[in-house]
Amino acid sequence: MMLRLVAIRLFFGLLTLWAVSVVVFAATQALPGDAALMILGRDATPERVAALRDQLNLNAPVTVQYAQWLHGVVQGDLGTSYSNRSPVTEVLNGPIGASLTLMGLAALVATPIALAVGAFSALRRDRAFDHTTSLGTLVTAAIPEFVVGILLILALGPGGLDVFPSVYSRNGGPEQWVLPVLTLAFAVAPPIVRMMRATMIEVLESEYVQQARLKGLDERTVLTRHALPNAIGPVAQVVALQLAWLAGGVVAVEFLFNFPGIGKVLMDAIENRDVPLVQAVVLLIAGVYILVNLAADVLGLAANPKVRVAR
Amino acid sequence: MSAPPTKDLAAGAARGRRGGGLFRAAWRHGRTRVGVALTGLIVLIAVVGPFVAPYTPTEFVARPFETGVDGTVFGGDNRGRDVLTRFLWGGWTLLILAGASAGLGVLAGTVVGVIAGYLRGWVDEVLMRVNDMLLAFPQLIAALLVMSIIGPRTWLIVAVIAVSHTPRVARVIREATRAVVEQDYVKAAEAIGLPRWRIMAVEILPNVTGPLLVELGLRLTYSIGVVAVLGFLGMGLQPPTADWGLMINENRQGMIVQPWAVVMPVAAIAILTIGANLITDGLSRAAIGIDRGVGR
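So the sequence lines, in the order shown, correspond to chains A and B. Each residue of the first sequence is one higher than the last, beginning at 112 in our numbering. Each residue of the second sequence is one higher than the last, beginning at 111 in our numbering.
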């Protein structure tokens, strides 16, 4: 049962990924201009352009071109960047690591704090702490992430308290990571807080928690052994969804802080009309997004005893 | 972000809480009123702004990033245009683009959701599968891809955001519809042989207004964010348009010497989105019907 459901999800995940690849490829086909001309530059001789067109198979039918492109993508060959004439995979190597580190740090900062705040809100239900948190998450959830970033720069960057630099630079110290990480953490946290709170309230009202209390267990044991383990399932799903969101959310934040990750690569590539690079980054982000969503789905299934135990 | 649980919304819909009553119920929450006040303030600035602006948005009145110029309140922007004027002019585009994309997205999502939820069977299956695929594309990335290929056009901004909203709305409305379909009045309408489109339009649609309004508020909040972020990335409205998102992009280099040109649009966007989200929260509390112990 469980395995079958996971297999179905996996199938549709792959199907979606394939659909995304078609969309990305089709979108670039709609682009005016000749790939060979873009690679060689404006002053290339017609013979050279014709030769490269042949080499790139640009005269072949679209479907053949797509098949070739997909074949390359599957093997990790994403083509050649127009702007600096090197393989896309090489261009993306550093930025991917930087972005993953940024996202990882944001998740590491945001998740435990969000879980703690959410759980504490549930315990302090309807008291001052709960009300403040509720309003706070509502406010931070509403504001677009780049606005959060600018507000943080205004408060903590130069012009404000001047504790952290507002722009990433190659030879800067670790303190330049603080504001980008904080911005993403603020963007990711609110739904986690809300879900944790709602789930904890539900769990605390459940009969097994009441039973545990009636048994005379002390509150700490009730919480750690009976309440929290049962709250983890649905919350884990939201955490995974938020991580998926991060894959797209980094773009504006990296652009704002001039952070050398895939988001900045994407914006530069769009600026230079560097199609293979745009294709690669979009595919990469969509791929991560789909995979993490899939993981969230599977987590949700695994956390549901009805699904897990049924045969 | 603060999407209420679909199941609860559906339950609320099934109990038949409709438009006017919903607003009255939402108004009882203090935060709804705060939200209306905040949103109203920004809408007022955006609508009245162009009429009271001291200059035209493209007039040069100062040196780039110069402050304390005679005849200006907040100085000049990156090219020496009046910051106050550009701020007053820059809101209505955001409001119209966000409103249009949210409206269209919710409209399309509602049609898809009601049809899928009522007809069920293979129609439902196909619609929801397509839905899932659309959902797999991160909103902003989809918008950036299209903008980068075709180029930033106004209608395209609206279309892309609306399309990215559609599957999200459809999912919620489908759930709500499925709860309504179980009700006796729908069965009665079917029994007297009303055509299916009539049942969907007259019997079902009015009874999913609760989740519909909540979705509208939620999508409006997101739309404002996406339109603003596209402008900020330089992929939305193009210069020399006065637009809050674009204004932030143009002036962030001079943020330290001339903070006003960034602070004002940033504050406006923040207040607008907070206001919209507060109203949405009020509506969703009213639509769910039960107060989940979060107080007023």
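Just so it is clear, CB atoms sit at the ideal spot from N, CA and C, and this is done for glycine as well.
Simplified DSSP assignment, three categories, for residue i
| i | result |
| --- | --- |
| Gly186(B) | strand |
| Trp157(A) | A quick correction: the sequence has Pro, not Trp, at residue 157(A). Pro157(A): helix per DSSP, three-state reduction. |
| Asp192(B) | strand |
| Phe297(A) | helix |
| Phe175(B) | coil |
| Ile152(B) | helix |
| Gln368(B) | coil |
| Arg308(A) | helix |
| Arg308(B) | helix |
| Ser394(B) | helix |
| Tyr279(A) | coil |
| Val274(A) | coil |
| Asn359(B) | helix |
| Gly374(A) | helix |
| Asp180(B) | coil |
| Ser232(A) | helix |
| Asn241(B) | helix |
| Val403(A) | helix |
| Arg336(A) | helix |
| Ser210(A) | helix |
| Asn415(A) | coil |
| Gly284(A) | coil |
Residues near residue i by beta carbon distance below 6 Å, same chain, minus five either side
| i | result |
| --- | --- |
| Thr251(A) | Phe297, Pro301 |
| Val274(A) | Leu267 |
| Phe368(A) | Tyr279, Pro291 |
| Ser210(A) | Val361, Gly372, Ile373 |
| Ala414(A) | Gly344 |
| Met111(B) | Confidence is the limiting factor: at Met111(B) the pLDDT is only 39, short of 50, which leaves the residue's position unreliable, though a coordinate-based value still follows. None. |
| Ile264(A) | Ser277 |
| Ala233(A) | Arg308, Met311, Ile312 |
| Met378(A) | Phe366 |
| Leu226(A) | Met307 |
| Gly145(B) | Gly385, Leu388, Ile389 |
| Ala358(A) | Ile396, Val399, Tyr400 |
Extent of the continuous alpha helix (DSSP H) to which residue i belongs
| i | result |
| --- | --- |
| Ala355(A) | 339-368 |
| Leu266(B) | 264-291 |
| Thr243(A) | 239-253 |
| Lys326(A) | No alpha helix (DSSP H) holds Lys326(A); DSSP gives it neither H nor E. |
| His120(A) | The sequence as given places Arg at residue 120(A); His does not occur at that position. Here the alpha helix (DSSP H) through Arg120(A) covers 113-140. |
| Gln249(B) | 249-260 |
| Asn383(A) | Taken as a continuous stretch (DSSP letters only), Asn383(A) belongs to no alpha helix (DSSP H), as it is neither H nor E. |
| Ala352(B) | Ala352(B) -> no alpha helix (DSSP H), and no H or E assigned at all. |
| Trp180(A) | 173-185 |
| Ser211(B) | 201-229 |
| Pro321(B) | 319-342 |
| Phe257(A) | 256-267 |
| Glu300(B) | 294-301 |
Close-in-space but distant-in-sequence residues of the same chain around residue i (CB under 8 Å, 5 per side omitted)
| i | result |
| --- | --- |
| Val376(A) | Val202, Leu203, Pro206, Leu388, Val392 |
| Ala178(A) | none |
| Asp353(B) | Gly200, Thr203, Leu204, Gly341, Gly346, Leu347 |
| Ala338(A) | Met311, Val314, Leu315, Val320 |
| Thr212(A) | none |
| Leu181(A) | Ser132, Phe136 |
| Thr139(A) | Val386, Val389, Gln390 |
| Ser317(A) | Asn341 |
| Gly190(A) | Trp180, Gly183, Pro198, Val199, Pro387, Gln390, Ala391 |
Residues near residue i in its chain [Cβ-Cβ closer than 7 Å; skip 5 each side]
| i | result |
| --- | --- |
| Thr142(B) | Ala136, Leu388, Ile389, Gly392 |
| Gly185(B) | Ala172, Glu176, Thr177, Gly178, Val179, Val193, Gln368, Trp370 |
| Thr351(B) | Thr203 |
| Thr294(A) | Glu256, Val259, Gly260, Leu263, Val364 |
Beta-bridge partners of residue i, as assigned by DSSP
| i | result |
| --- | --- |
| Pro198(A) | Thr191(A) |
| Phe170(B) | Arg191(B) |
- Check whether the segment 184-197 of chain B touches the segment 246-262 of chain B, taking contact to mean three or more Cβ pairs, one atom from each stretch, closer than 8 Å. no
- Flag this pair as touching only if the segment 267-276 of chain B and the segment 213-226 of chain B have three or more C-beta atom pairs under 8 Å; answer yes or no. yes
- Query: If you pair each beta-carbon of the segment 327-334 of chain A with each one of the segment 238-253 of chain A, do three or more pairs fall below 8 Å?
  - Reply: No, they do not touch.
- Query: Between the segment 285-304 of chain B and the segment 257-265 of chain B, do three or more beta carbon pairs fall short of 8 Å?
  - Reply: no
- Flag this pair as touching only if the segment 138-155 of chain B and the segment 372-383 of chain B have three or more C-beta atom pairs under 8 Å; answer yes or no. yes
- Query: Is the segment 345-361 of chain A touching the segment 217-228 of chain A in the sense that three or more CB pairs, one from each, lie closer than 8 Å?
  - Reply: yes
- Message: By the 7 Å beta-carbon criterion, what residues does the segment 117-134 of chain A contribute toward chain E?
- Response: The displayed structure is made up of protein chains A and B, and chain E is not among them.
- Query: Counting Cβ pairs, one atom from each stretch, are 3 or more of them under 8 Å apart for the segment 231-244 of chain B and the segment 298-310 of chain B?
  - Reply: Cβ pair count under 8 Å is below three, so no.
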